[in-house]
Amino acid sequence: MIAVPSPVLEMYEDLLKRHGPQGWWPLLELHHQMKGTNPTKTGSVQGYHPGDFSYPHDLHQKFEICLGAILTQNTAWPNVEKALLNLKALDVIDPHKILEMSEEILKGAIRSAGYFNQKARKIKVFSEFFVSLKGRNPTREQLLGLWGIGPETADSILLYAYKQPLFVVDAYTRRIFSEKGLFAKDAAYDEIKAVFEAALPKDWKLYQEYHALLVEQGKNMRILSPKAK
DNA sequence: AACCAGGACGTGA
DNA sequence: TCACGTCATGGT
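Position 104 of the first sequence, counted from 1, bears residue number 113 in the numbering used here, the numbering being contiguous throughout.
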């Protein structure tokens, strides 16, 4: 097999070399060997587990990832983490408990993540769906049919909570690669997603790491040169 | 002190 | 379809 130069693969190697393994998705509680903060990572507080692809360990952590995916919509992660810690303190990171609690209290708990009116509703809707799954895996179509779950959130949930090999496209991905001419800057989500999935082996660990690296790179670009876009 | 974050929905054309 | 306004807190 002759190695064909691919900007997609080259970028992955470059980012991995530059930033190292990212250890997404961050979780509130890891097993004790990994536990601790990672102050070197942009915007992170805790919960990353670089090199450890064993998570999520149970249904509880699956649900936590889904909540995080909704809460982080157009929102910086530290704000999301505060919201998740509030939910944990209330002991409601559980779809049944979310459904039981008042929407007003839920709004108060997730306030730091912004858009709390919309996100409280989204979390209620998703919790009902999660219960209906009874432990089974959701399909992308099912997720997209829920109010509040768009393409990126659906793919994030499927990739990080359910380990499905679906590439997640976010604003950073769009920006970094459209500048390199891989696709138009206004290309549709599914079009960009297809470019990556065609260029990469269908490997959910690779997809997890790649998306995390693109976000890390995007954050660094913003901090190091705010105007450089 | 604007500007923007690990987006999605509702609306009008 | 598609561009545009709206949603909201917290960092720089």
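Don't be surprised by glycine CBs; every beta carbon is placed ideally from N, CA and C.
Taking a contact as a CB-CB distance under 8 Å, the pair Ala122 and Val101 does not count as one, their CB atoms being some 15 Å apart.
Here the region 126–146 does not lie against the region 174–189, with fewer than 3 beta-carbon pairs under 8 Å apart.
The beta carbon of Lys189 sits closer than 7 Å to the beta carbons of Pro16 from its chain, once the five residues preceding and following it are set aside; these are given in chain order. The region 54–89 contains, as complete alpha helix (DSSP H) runs of 4+ residues, the segments 68–80 (chain order).
With a threshold of 16 other beta carbon atoms within 10 Å, Ala98 falls short and is exposed. Only residues of its own chain outside the window of five on either side were considered, and among them Ala78, Ile79, Gln82, Leu152 have a CB closer than 8 Å to the CB of Thr162, listed in chain order. Judged by beta-carbon spacing, Ala170 lies within the 8 Å limit of Pro65, meaning their Cβ atoms are closer than that value.
Its chain contains Pro35, Leu36, Leu37, Leu39 as the residues whose beta carbon lies nearer than 7 Å to that of Gly56, once the 5 sequence neighbours on both sides are disregarded; these appear in chain order. In this structure, Pro174 lies near Lys211, with their beta-carbon atoms less than 8 Å apart.
Taken through DSSP and simplified to helix, strand or coil, Arg145 comes out as coil. Excluding the 5 residues flanking it on each side, Lys128 has same chain C-beta neighbours closer than 7 Å at Ile79, Leu80, Ile119, Ala122, in chain order. Where Phe205 is concerned, the enclosing alpha helix (DSSP H) starts and stops at 198–208. The C-alpha of Glu73 lies about 12 Å from the C-alpha of Phe135. Annotated three-state conformation of Asp23 is helix, per DSSP. Secondary structure at Ser165: helix, using DSSP grouped into helix, strand and coil. For Ala193, the secondary structure class from DSSP, reduced to helix, strand or coil, is coil.
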